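Before any comments, here is the structure.
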Amino acid sequence: MGLYSWGDDSCGQLALQRDSHQNLMNDVDLDDNNRTTPTQTQFDISQRAWKVACGWAHTIIITEDKKAFSCGSNEFGQLGRLGDENTIAQIPYLDSEQIVSAACGSSHTLLLSEKGQVFSFGSNINGQLGVGSENESYVKPLLVEKISINHEVTLISCGKDHCLALCSDGQLYGWGNNEFGQLGFGKKSKKETKPQLITVLQGCPIVHIATGGFHSFALTVSGLVFAWGKNSYGQLGLGNVEDKCYPTKVKLSLPQGQSVRYIACGEEHSVLLSSTGNIFTFGCGSSGQLGHNSFSDEHIPKMVVELGSSITNISCGRKHTLCYSITNGSLYAFGLNVKGQLGLGHFNKQNSPMKIKSFWRNFSKTDFLNISSTVGQKDDVYFTELENFFENIAQNHVEIGSANTFDNTFMEVIAGGLSTFIVTCPLIEKPRLPTLNHLIERSCLCHLTKQKANQMVERWQTTNATFDEKSRIRRYLAIAFSNQSTLNASFLAQNCTSTSRSEHGLHPMGIHVSLEKLWQVTELLEVVKTSVSSSLISSLHNNPADLECLRVYIIIPEILHKMAPEEMAPLGVSFAVAFGGLQLPAKKALIGWWKLLPATFLERIVQCFKWSILELFPTERRAPFIQNTLASFDACLKVLKVIHELSEEGDEVLSHASFYIPGLMDKIDIRKDFLSYIENPDGFAFSNFPFVFEVKEKAFMMEYDAELQMRFMVGRAHMMNLNSIASSGFIDFPQSPYLVLSIRRHHLVQDTLNNILSQNLMDFKKPLKIKFVDEMAEDAGGVKKEFFLLLMRDLLDPKYGMFDFFTETGCIWFKHGSFEGPEMFMLIGVICGLAIYNSIIVDVPFPVCLYKKILGRKTALDDYRYIDPGIYRGLQDMLDYTESDFGDIYDMNFQVMESIYGESQVIDLKAGGKDILVTQENKDEYVDLFLQHKLHKSVSREFEAFKDGFLKVCDGKALHFLHPQELMELVVGSQEYDFNELEKVAEYQGEYYRRHPIIENFWKVFHELTFPLKKKFLAFLTGTSKVSVLGMKHMKFIIQPVSGGEDGSHLPVAHTCFNLLDLPRYPDLDTMRKKLHQAIENSEGFGII
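Sequence positions in the sequence shown follow my numbering and run 4 to 1092.
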C-alpha cells in the first residue's frame, strides 16, 4: 500500500526521508518543516501501510501484518518508545500483539489489539491514559484494564486529552479531561483517570464515535447523532453555544431518505457525512474549515452545497477538512493552511472546497465489479447498501486521470493536527474496497442478522467445527443476547435509514426465522436463554435515550415465546414490569411500533403473557394470592390490555378469543373478583381486564351482575312492604319481588307491550316470572322459555313490517320507514335484554353490527357482508378498482334507491348528491356515506328505541365487558358444539338409565348423525340450533319412556320448553334409527309442545 503525506513536518510526523525535499508533484516546498503537496513517505510498498492515526505532532502507522509504527514528537512518550528519535520506527513493546487500530490525542496514543484490548502511552496529565495513575506520562504501552479484561473494545477515539472506547457489547466508556463535560457523565470535572460508563447511552446501538478537541459525538445505526462537551463555537450542532455534560440529540433537517453515517471532528469544528454523500459542517469557521465560502461560525449543521452528493470519505485536522469522492476521484480540502496541510502547493487558507491535484487513477467500472464480487456478505444491510452504491456508480461514474499515467488507486484520507495523509493501493495488486464512510457499518457491535444466524448454525453443525470456533460462536451470541445495544442493532430491515414513531427499522420475519434457526442447536438455545434471563431483562430501564433503544421490546417477546412456559414466566413478568415502567413518550412510541407488527407477532406476544399469567397461579384451586403476585398479574395484564386495544383499533387484528386465558373460573372466585371491581375500581381485579375471560365466564359475570341488582330490588320490595305494615298496619300497594307478566296467549304481543310499558324502570332488575292467563302452570323456567319462543316468533312475523329479511345471510335489519311506532322496537329491545338477564336464548337473527352499535363500537364495510353480501362485494370491488376507466365502469352518483312498501324512493347521501358523480377520488366517501345511511341514519328511530329497551334491562357494569360477538351469543346462543357433553348431562326418568338397551341404541344412532342433523336435533329438542355460551355441560336434557315404540307407530316427541324428549321403547337399533331420523327431518319451526 502506498502512503503519502503533507503539511507540518516540524517534528517528523510526516514519516518522510529527512534528506529529501522533493515532493510527488515535482514542486519545491518552501522550507524543511512543511510540505505543501503530497509526498511519498518512508513507508514503501513492501511495508504496506494499512491504517494511519494523527496526533497534533505525531503519527501512528499500522501495517497490514498488524504491527504499529510511530514517528513525530515524543515529548511525552507518545511514540511508545524511548529517546528523542522522531523518524518512523516500530513500537518495540508490542511484538506479541496484533494491532488493528490507533487513535491519537494531542500528545498521547491509544492502540487497539485484535483481541479487543486497549493500550495507552504518552501524556497522562489529565488521566487520558485511563490506567488510574496520576503520573504525568508513560513511554511503555500500558493495558487499560478496566475495559480490556472483561470487554472486547472495537472502536477508540481521542480528543486533545480525553478518550472514548466502544465495546462489542455496545457499552461506551470515557476517560481523561472532563472540564467541559466531554466525557458525557452528566457533570464537569477536572479529570477521570479510569474509564467510566456513559450511562445515558446505555441501550443505544452506537456504531461510530468521534472526538474533537474538547467535544464528543456518538452515532447510532439509524443515523441518530448525540453530542456533548465544549460548544463555545457551536461545534455540537445544537443551535447554541452552551456546553453539554451529557449526550444530547442533534436535531437535523436532512432531505427525505438521508441519514448521518459518519462524523469527523477538528479541534473546534465538526463534519457529518450523510448516506447520500452530502456533508454538513458546523462549529468554528474562522479558518474556513467549514467550507461555506465564509469564515463565520455555524451553530447548526449546514450542507456544503458546492460538494454536492458525492463524498464517500472525510477527515479533519485541527482546523482543516478533507473530503474524497469516489464517483469522480477528487480529493477536496479547505480550512487552515499555515503549514501547507491542504496540499494545494501554497499556504493560503481556503474557505471553500479546493481540489488537490490527483496522482491516483480513479476507479474504473471494472474495478467496482471486481471488488463487489470479492467483498463477501459480512453484513446483509451493509452489503445491500454496497450493491446499491455500485449500481449507482455504474450509472454515474466519471473516469478521470489515465491508467497509463498513475499506478495506484485512492483508498483513504487521514488528517490530524496540521498534517494530512492518504493511503493508496498499487495497480499491481488486486483492487480493494476503499473507505466508504457513507455506508452502514455494524461490525463494531455483536449484532445478529438472519444471515449471521444461518452461518453460525451451519458452521456449528459441520463435522470439522473446532472447539475454538464453537467457543467464539457461543461468546458472540452471549454478548449479542445479553445487551440491549447489540439487539437494538440486530435484525434490521435492509432499507433501515432512520427510526421514527412510524418506523422501527426491524425486519420482523428476520427475527423469527433467525431464532428458529438458532433453536435447532440445543447448546446455542441454552446460551440465548441464559443471556436473556441473567442479563438482558434486568438491564431494561424506564428512560431510554431514544426510540432506537426500544427495538429490544419487539425482539424480547419473540425470544420468550421460544421458551417453555415455566422458564418464560418470570422473564415475562420482568419484561411486563419494565414495559409498565417506561416513561409515557417511550411507551407511546413502542405501542405505535407494536401496531405496525404482523398479526402473528402480536399473537406470540399475547401467548407469552397468557403463559406468564397462568404460571403465576398457585397449584391449589382458588388459593389466595400474595401481594407480589397481584403486582405481577397486574403488569402482565396491562401488556395484554395494550395489545387488545391495538387489535380493536385495527379492525380486530387478533380475534377477541385469542386473549382468553383458559380456565379462569377454576383459578379465581369470579364473584368475589367482580364485587371487588365494583367496590374498589382503583384496586386490582381481573375484572379490570375483562377481555381475558371466556364468554361463558362473562356470562356468569352478567348473571351475577343481574343477581346483585335482582337481590337489591327484591330486598327493596320487601323493605317497602315492611315499612307499609309498620306505618299503617297493612300493605297499601304490595311490592312483588318479581317482574311478573300476565299474558293472554291469543294477545301475546299486545299484552307483553302493555305489561312492559306499565313497569317501573327498576322492576326490570327483578327476576322474571310469566303467568299465562287462565293457566295453572307455575313458572319454574319452562313457561318462561315458552313465552320467549312464542313472542319472538310473533314479533318477527312479516305482518308487522318491522324488519327487512335477507335470504342469503338469514339476517334481519330494521326496515326504513316502518309503520310500527318506536314502542314496538323498544319491546324487542326489552325482550332481548330480559332474555340475557334471565339466561334464555332467543332466536333473533340480527347481524353483529347491531351489537356493535349497542356497545358504542364503530361499524365498517365488513359488517355489511353479514347483512347483504352482494352489496358488500360490489362496494369492495369498487374500492379495489384502480383503473383509469373507473367512471365508465361505475356510473354512479351520491344517491341510493330504496323500496319502501313497494314504492321506490331516491335518497341523497349528501346535499346535491344527484349531481355528484362517484370517482376514484371520492369513492371512499361514497362508501362511508352509504354505510352511514344504511346502518345508522335511515334506521336511527327504530334502533334508538330498540337500544333504549335493551338498556332498560341490561345496563349493568358487566355489559361493557363483552365483545359484540359475545353479546350476540348471549342473546341468540353460541355455535360452539360439544355433543359428547350432551350425552354426559342427559338425565333419565322412569325405567330408563344410562346402560339401558334402548338408551344405548339412542346414543349410538345420535353419534352416527351428521353434524347438520345433530344441529337439527338440537333445534328439535330445544327450539333453537344454538346452545348457551356456557356450553352443553350446563344444559338440561331429560329422556323419558313412552309407549308406542313396540310397533313403531310413534315418533319421538320433544317438549322444547323443558328440553324433555319422549322416547318410545323401540325394539331394535334399525327402528330407533328410522324413527329418530323421521322426527328430526320432519320438525319445523320451534316445535313447541
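Note that the Cβ used here is the ideal one computed from N, Cα and C, for glycine as well. As the structure is a prediction and not an experimental result, all values here were calculated from the model.
query, result
"What would DSSP say about residue 1010, mapped onto helix, strand or coil?", "helix"
"Assuming residue 305 and residue 285 make a contact with CB atoms under 8 Å, what is their CB distance in whole Å?", "6 Å"
"Which whole runs of the beta strand (DSSP E) in the stretch 67-113 are 3 residues long or more, in chain order?", "71-75, 102-107"
"For a test of the three-state rule: what should DSSP assign to residue 169, helix, strand or coil?", "strand"
"Tell me where the alpha helix (DSSP H) around residue 423 begins and ends.", "Counting along the chain, residue 423 falls outside any alpha helix (DSSP H), though it belongs to the beta strand (DSSP E) covering 422-429."
"So residue 956 and residue 1066 are in contact, right, with Cβ under 8 Å, and what is the actual spacing, rounded?", "Incorrect: roughly 37 Å between the Cβ atoms, too far for contact."
"Helix, strand or coil for residue 1002 per DSSP?", "helix"
"What first and last residue would you give for the beta strand (DSSP E) that runs through residue 354?", "353-358"
"Which residues in the same chain have their Cβ closer than 7 Å to the Cβ of residue 70, if we skip the five residues on either side of it in sequence?", "93, 102"
"Is residue 966 helix, strand or coil when you go by DSSP?", "coil"
"Give me, in chain order, the residues of the same chain whose beta-carbon lies closer than 7 Å to that of residue 821; leave out the 5 immediate sequence neighbours on both sides.", "804, 805, 945"
"If we ignore side chains and look at the alpha-carbon of each, how far apart do residue 259 and residue 278 end up?", "11 Å"
"Between which two residues does the beta strand (DSSP E) containing residue 814 stretch?", "814-817"
"Might you give, ordered along the chain, the residues of its own chain that have their beta carbon closer than 7 Å to the beta carbon of residue 599, omitting 5 neighbours on each side?", "507"
"Under three-state DSSP, which class holds residue 1077?", "helix"
"Under 8 Å: do the stretch 918-928 and the stretch 661-676 share three or more Cβ pairs, one atom per stretch?", "no"
"Between 233, 175, 702, 554, which lies nearest to residue 1 when the distance is taken from Cα to Cα?", "In the structure as shown, the chain starts at 4 and stops at 1092, and residue 1 therefore has no counterpart that could be examined."
"Any contact between the stretch 160-176 and the stretch 128-139? By contact I mean 3 or more CB pairs, one from each, below 8 Å.", "yes"
"Out of 680, 359, 210, 741, which one is the CA nearest neighbour of residue 413?", "359"
"For residue 2, which three-state DSSP category applies?", "The structure shown does not extend to residue 2, since the chain is modelled only from 4 to 1092, so the question has no answer here."
"Tell me whether residue 650 is buried or exposed, calling it buried when 16 or more other Cβ atoms sit within 10 Å of its Cβ.", "buried"
"Take every Cβ of the stretch 341-350, pair it with every Cβ of the stretch 454-470, and state whether three or more of those distances are shorter than 8 Å.", "no"
"Classify residue 875 as helix, strand or coil using the three-state DSSP reduction.", "helix"
"Does the separation of the CB atoms of residue 247 and residue 271 fall below 9 Å?", "no"
"For residue 73 versus residue 83, is the C-beta spacing smaller than 9 Å?", "yes"
"Can you say whether residue 547 is buried or exposed, counting buried as having 16 or more other CB atoms within 10 angstroms of its CB?", "buried"
"Can you tell which of 596, 351, 696, 316 has the C-alpha that lies nearest to the C-alpha of residue 504?", "596"
"What span of residues does the alpha helix (DSSP H) with residue 1038 cover, start to end?", "It is not in any alpha helix (DSSP H) - residue 1038 carries neither H nor E in the DSSP assignment."
"Please work out which residues of its chain come closer than 8 Å, Cβ to Cβ, to residue 537, disregarding the five sequence neighbours upstream and downstream, and give them in chain order.", "485"
"Does DSSP put residue 7 in a helix, in a strand, or in coil?", "strand"
"For residue 674, does the three-state DSSP call read helix, strand or coil?", "helix"
"Helix, strand or coil for residue 349, going by three-state DSSP, please let me know.", "coil"
"Just to confirm my understanding: we take residue 593, look at its own chain, exclude 5 residues before and 5 after, and list those with CB closer than 6 Å. What are they?", "553, 556"
"Name the one or two DSSP bridge partners that residue 223 has.", "209"
"With 16 other CB atoms within 10 Å as the buried threshold, where does residue 1014 fall?", "exposed"
"Mind checking which residues open and close the beta strand (DSSP E) that includes residue 684?", "Taken as a continuous stretch (DSSP letters only), residue 684 belongs to no beta strand (DSSP E), as it is neither H nor E."
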